[in-house]
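**Student:** Sharing a structure here in structure tokens format.
Protein chains: 2
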Amino acid sequence: MAATIRDVAQASGVHVSTVSRTFSAPHLVNAETRNRVLAVAEDLGYRPNRAARALTTGRTHNLGLIVADISNPFFPPLIKAAQAHARTRDYHVFVADTDEDPQVEEELIKALAKQVDGVLLCSPRLSNRAIERLHADVPFVVVNREVKGMPTVLMDIGQGARLAIEHLAGLGHRRVALVSGPSGSWTSKRMREAAAAVDGVDLVYLGPNVPTEQGGLAVAPEVTASGATGVLAYNDLVAMGLIEGLHERGLRVPGDVSVIGVDDIVSGRLNRPRLTTVAMPTAAAGRMAVDLLLQSVAEGGTATLATLATGLVVRESTGPVPEPAGS
Amino acid sequence: MAATIRDVAQASGVHVSTVSRTFSAPHLVNAETRNRVLAVAEDLGYRPNRAARALTTGRTHNLGLIVADISNPFFPPLIKAAQAHARTRDYHVFVADTDEDPQVEEELIKALAKQVDGVLLCSPRLSNRAIERLHADVPFVVVNREVKGMPTVLMDIGQGARLAIEHLAGLGHRRVALVSGPSGSWTSKRMREAAAAVDGVDLVYLGPNVPTEQGGLAVAPEVTASGATGVLAYNDLVAMGLIEGLHERGLRVPGDVSVIGVDDIVSGRLNRPRLTTVAMPTAAAGRMAVDLLLQSVAEGGTATLATLATGLVVRESTGPVPEPAGS
DNA sequence: ATGTTTCACGCAACCGGTTGCATGTCCTCG
DNA sequence: CGAGGACATGCAACCGGTTGCGTGAAACAT
């Protein structure tokens, strides 16, 4: 089997504690012995067992990242950024997908709890109560959701939604639909509040919807029925599905209806029409989340709240309100 | 801190070994004591520490899954399937992204090695030599690549490529371009071999290319210059980028050029035109991979090779060869 | 009544590391 | 020359579990 610390100790004629120190506190061991030990270790292919180390130190140097749906292109940039950033701090990130199932989410958190120093909860589907309860097991940082007393990274979707609605209003749209996400979604709620604060447009709320292309496709009839000429969708996936659905019903985007998404995922940039969307600072959020988590791991619960700005990227899926048919 | 096995033992008046057995070998302990222990454990919120258990049993009940690029929509279905399937076997899978960097890949494998019972290597970028060397540390199963002596899950891209080329030939295309992926890609090589075996079409090889939309966009000029009327792209992302690129140069798909992708990702189904593509059994591959891995973990290195069939999904991005302009 | 199984559980070593304390050696300084 | 300090290393307990072995008691057979 793989070489252990005792193998190395024996082969280099020192006590295991010296070998241990060679790796975890090199300055405590004489340069000469250290080199000898390192040589022997190299020779035997020894590598410290992180799990065993964790048992005594209480630090695994691992982080967990829990996400509802890896397929959602919104997450990968966040995951990559978190992973890369954590690596610079000598941490590894393990990702798990909950399949949008709170049950699975809870189970995963429990399984992860003892194997990581902290968990990044991205757009969790669990209730606040459950999250607070689980928090006893392992430090959290929550992304894209507000849970009281917990370190949180928010992207200011409210601001983005406001910009989006104002953009539509500026193009002359007077009736716009808000296509929301899963029921109880924190994001949907924020978007709604921000949209309602904009003057001069009638809002109609359509939802809840599955947060994917399917959801967008399915909501198309409701959108046409609503008489709205502008739409702010829950995310780009929904927006793209919706555009497809409108198209099937003979409506042109942006000719007949203007559609705005949220997230600025890459395929939205290649979609036709290119999607006007609220850009989310996902990579920055990933890095920030790691920072907050490591900080709270090191210093004990500091419940910081970081809010990152969003922006509107205007492309081709929005245009002036169409002339009334009767004109 | 969290309750340990000794806390439970003390509180329920039995020896730690009895508590241990209550969880890991319930049949060895009297029903009455077992219930008492369970009650106390529940009460104290005790949960066995998987990491500590792993130290003695040598089984972490975790699997690692290493993937070059999570953003590539080809992977999530595989990841999800693997994850879900593993869960039914009481295993968890941790995903890590290497950012297409062999260096990072190797580092991740080493870090993961001691914390998981086996690793799923999906389309690894590492050399065969490196993989074989690392194999001493931890069992592998390789997906989408052939490494001698290692359990492997392959999707029969050769078959799919043949179907694709035959489809184009059947539509009258006589000159088709093969837009390949990164240099040295195992998949590209297979596609090329299979395509070459089809009679009646001239093949032109274009590559290497970045395996994303960017790559497809960038290769568009070469495609038009090649005089090909049909294209088989490395994957759907490349195909979509290419279609966009052709469009920018005033060419219609499928009017002027027919394009086939590979992977059957969802956004290809919503793209306009809807993408004709080689469907890959990604979910099945994910499940198969964990089966193979668990088997090889349990029984020691059985180097099975599983090959999964692919199919052609004909949609709208392919059509009859255009009439020569001069006709 | 005695011998043999079976069952339930305790004992203690062990997995692979870490770390506070003790020991011993060599320097330095008054 | 002796006290005190710095340095390098060994010792052994500990992290949170698992498990082979041994023991006592109850159940069964003879």
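These protein sequence lines are chains H and D, in that order. For any residue, its number in the working numbering is found by taking its place in the first sequence, counting from 1, and adding 44. For any residue, its number in the working numbering is found by taking its place in the second sequence, counting from 1, and adding 44. All C-beta atoms in this analysis are idealised placements derived from N, C-alpha and C, irrespective of residue type, glycine included. If you're wondering where the values come from, they're calculated on a predicted model, not measured in any experiment.
With 9 Å as the threshold, decide whether the Cβ of GLU176/D is near any Cβ in chain H.
**Tutor:** For the purposes of this step, residue 176/D is taken as the residue at position 132 of the second sequence. By this cut-off, GLU176/D is not an interface position.
**Student:** Kindly indicate if chain D contains any beta-carbon less than 9 Å away from that of SER232/H.
**Tutor:** Counted from its first residue, the first sequence places residue 232/H at position 188. No, SER232/H lies away from the interface with chain D (no Cβ there is under 9 Å from its Cβ).
**Student:** Using the rule of at least 16 other Cβ atoms within 10 Å of the residue's Cβ for burial, across every protein chain shown, is ASN279/H buried or exposed?
**Tutor:** Counting from one through the first sequence, the residue named residue 279/H turns up at place 235. ASN279/H is buried by the Cβ-count criterion.
**Student:** Find out if the Cβ-Cβ distance for the pair THR326/D, LEU122/D is shorter than 9 Å.
**Tutor:** By 1-based counting over the second sequence, the position of residue 326/D is 282. By 1-based counting over the second sequence, the position of residue 122/D is 78. Yes. Within cutoff.
**Student:** For ALA205/H, which three-state DSSP category applies?
**Tutor:** The sequence position of residue 205/H within the first sequence is 161, counting from 1. The three-state reading of DSSP puts ALA205/H in helix, counting H, G and I together.
**Student:** Quick check on this structure: which residue in GLY202/D, GLU257/D, GLY294/D has the alpha carbon closest to the alpha carbon of ALA240/D?
**Tutor:** What you label residue 240/D is simply residue 196 of the second sequence in a count that begins at 1. Of the candidates GLY202/D, GLU257/D, GLY294/D, the one whose C-alpha sits nearest the C-alpha of ALA240/D is GLY202/D.
**Student:** Does the distance from the C-beta atom of GLU266/H to that of ALA221/H stay below 9 Å?
**Tutor:** Taking the first sequence and counting its residues from 1, one reaches residue 266/H at position 222. Taking the first sequence and counting its residues from 1, one reaches residue 221/H at position 177. Yes, Cβ-Cβ distance for GLU266/H and ALA221/H is below 9 Å.
**Student:** Could you tell me which residues DSSP puts in a beta bridge with ASP307/H?
**Tutor:** Position 263 of the first sequence holds residue 307/H. For ASP307/H, which the question treats as bridged, DSSP gives the partners ALA323/H.
**Student:** Please state whether DSSP places ASN253/D in a helix, a strand or coil.
**Tutor:** One-based indexing of the second sequence puts residue 253/D at position 209. For ASN253/D, the secondary structure class from DSSP, reduced to helix, strand or coil, is coil.
**Student:** Taking any Cβ of chain D, which residues in the stretch 303-337 of chain H have a Cβ under 7 Å from it, in chain order?
**Tutor:** VAL310, SER311, LEU314, ARG316
**Student:** Give me, in chain order, the residues of the same chain whose beta-carbon lies closer than 7 Å to that of HIS129/D; leave out the 5 immediate sequence neighbours on both sides.
**Tutor:** Here the question's residue 129/D lines up with position 85 in the second sequence. Answer for HIS129/D: GLY330, ARG331, VAL334, listed in chain order.
**Student:** Nearest CA to the CA of LEU281/H: which residue from GLY294/H, GLY305/H, VAL301/H?
**Tutor:** Numbered from 1 along the first sequence, position 237 holds the residue referred to as residue 281/H. Ranked by Cα distance from LEU281/H, the options GLY294/H, GLY305/H, VAL301/H are led by GLY305/H.
**Student:** Around the Cβ of PRO120/H, are there at least 16 other Cβ atoms within 10 angstroms (buried) or fewer (exposed)?
**Tutor:** Locating residue 120/H in the first sequence gives position 76, where the first residue counts as 1. Answer is buried; the Cβ neighbour count reaches 16.
**Student:** Tell me which same chain residues have a C-beta within less than 8 Å of the C-beta of LYS154/H, skipping the five on either side of it?
**Tutor:** By 1-based counting over the first sequence, the position of residue 154/H is 110. If we look at LYS154/H and ignore the five residues flanking it on each side, its Cβ neighbours are LEU178, ASP181.
**Student:** At the level of alpha carbons, what is the spacing between ARG206/D and ASP243/D?
**Tutor:** Working through the second sequence from its first residue, we reach residue 206/D at position 162. Working through the second sequence from its first residue, we reach residue 243/D at position 199. Cα to Cα, ARG206/D sits roughly 10 Å from ASP243/D.
**Student:** Chain H partners of VAL357/D, CB-CB under 9 Å?
**Tutor:** As a working mapping, residue 357/D is identified with position 313 in the second sequence. Correct list: empty, because the minimum Cβ distance to chain H is about 17 Å.
**Student:** Step through the CB atoms of chain H and report whether any lies within less than 9 Å of the CB of PRO146/D.
**Tutor:** Residue mapping note: residue 146/D aligns to position 102 of the second sequence, counting from 1. Taking a beta-carbon distance threshold of 9 Å, PRO146/D does not count as an interface residue toward chain H.
**Student:** Could you tell me which chain H residues have their CB closer than 8 Å to the CB of GLY285/D, listed as they occur along the chain?
**Tutor:** Position 241 of the second sequence, counting from 1, holds the residue named residue 285/D. Those within 8 Å of GLY285/D in chain H are LEU314.
**Student:** So, at 7 Å on beta carbons, what are the nonlocal neighbours of VAL52/H in its own chain, with the 5 sequence-adjacent residues on each side left out?
**Tutor:** For the purposes of this step, residue 52/H is taken as residue 8 along the first sequence, with counting starting at 1. VAL63, VAL81, VAL84, ALA85, LEU88, TYR90.
**Student:** May I ask which residues mark the beginning and end of the beta strand (DSSP E) holding LEU356/D?
**Tutor:** By 1-based counting over the second sequence, the position of residue 356/D is 312. In the DSSP annotation of this structure, the continuous segment of the beta strand (DSSP E) that includes LEU356/D starts and ends at 355-357.
**Student:** On a Cα-Cα basis, can you pick out the residue from ALA342/D, ARG219/D, LEU286/D that is closest to PRO366/D?
**Tutor:** Residue numbering aside, residue 366/D sits at position 322 when the second sequence is read from its first letter. The candidate whose alpha carbon is nearest that of PRO366/D is ARG219/D.
**Student:** Out of ALA262/H, LEU250/H, GLY193/H, THR354/H, which has the shortest C-alpha to C-alpha gap to THR348/H?
**Tutor:** Start at 1 with the first residue of the first sequence, and residue 348/H comes out as number 304. It is GLY193/H.
**Student:** Can you find at least 3 beta carbon pairs, one from the stretch 304-319 of chain D and one from the stretch 336-347 of chain D, that sit closer than 8 Å?
**Tutor:** no
**Student:** Could you check whether the Cβ of GLY363/H sits closer than 9 Å to any Cβ belonging to chain D?
**Tutor:** Within the first sequence, numbered from 1, the residue matching residue 363/H stands at position 319. It does not: the Cβ of GLY363/H has no partner Cβ on chain D nearer than 9 Å.
**Student:** For the alpha helix (DSSP H) containing GLY344/D, list its first residue and its last residue.
**Tutor:** Stepping through the second sequence from its first residue, residue 344/D is reached at position 300. Run containing GLY344/D: none; DSSP gives neither H nor E here.
**Student:** Under 9 Å between the Cβ atoms of LEU261/D and SER224/D?
**Tutor:** Residue mapping note: residue 261/D aligns to position 217 of the second sequence, counting from 1. Residue mapping note: residue 224/D aligns to position 180 of the second sequence, counting from 1. Cβ distance not < 9 Å, so LEU261/D and SER224/D don't count as in contact.
**Student:** Starting from ALA140/H and walking both ways along the beta strand (DSSP E), at which residues does that stretch end?
**Tutor:** For this step, residue 140/H is matched to residue 96 along the first sequence. Here the beta strand (DSSP E) through ALA140/H covers 136-141.
**Student:** Nearest-angstrom Cα distance between VAL245/H and ASP300/D?
**Tutor:** Translated into positions along the first sequence, residue 245/H becomes position 201. Translated into positions along the second sequence, residue 300/D becomes position 256. Rounded to the nearest angstrom, the two C-alpha atoms are 44 Å apart.
**Student:** Beta carbon of SER61/D: closer than 8 Å to some heavy atom of the ligand MG?
**Tutor:** Among the ligands in the structure shown, none appear at all, so the ligand MG cannot be discussed.
**Student:** Between which two residues does the beta strand (DSSP E) carrying PHE428/H extend?
**Tutor:** In the structure displayed, chain H extends from 45 to 371; residue 428/H sits before or after that span and is not available.
**Student:** Could you check the C-alpha separation between SER232/D and ALA238/H for me, to the nearest Å?
**Tutor:** Counting from 1 along the second sequence, the entry for residue 232/D is found at position 188. Counting from 1 along the first sequence, the entry for residue 238/H is found at position 194. The straight-line gap from Cα to Cα measures roughly 49 Å.
**Student:** Whose C-beta lies closer than 6 Å to the C-beta of PHE184/D among residues of the same chain, with five residues either side of it excluded?
**Tutor:** Counting from one through the second sequence, the residue named residue 184/D turns up at place 140. Correct list, in chain order: VAL163, LEU165, MET194.
**Student:** Would you mind stating whether ARG94/D and GLN127/H have Cβ atoms separated by less than 9 Å?
**Tutor:** Here residue 94/D refers to the residue found at position 50 of the second sequence. Here residue 127/H refers to the residue found at position 83 of the first sequence. In this structure, GLN127/H does not lie closer than 9 Å to ARG94/D by Cβ.
**Student:** How long is the line joining the alpha carbons of ASP307/H and GLY102/D, rounded to whole angstroms?
**Tutor:** As a first step, residue 307/H is located in the first sequence; it is residue number 263 there, counting from the start. As a first step, residue 102/D is located in the second sequence; it is residue number 58 there, counting from the start. Rounded to the nearest angstrom, the two C-alpha atoms are 43 Å apart.
**Student:** Give the DSSP-derived three-state secondary structure of MET235/D in the structure shown.
**Tutor:** As a working mapping, residue 235/D is identified with position 191 in the second sequence. Helix, per DSSP.
**Student:** Just reading off the beta strand (DSSP E) that ALA221/D is part of, what are its end residues?
**Tutor:** The residue labelled residue 221/D in the question sits at position 177 within the second sequence. In the DSSP assignment, ALA221/D falls within the beta strand (DSSP E) that extends over 219-223.
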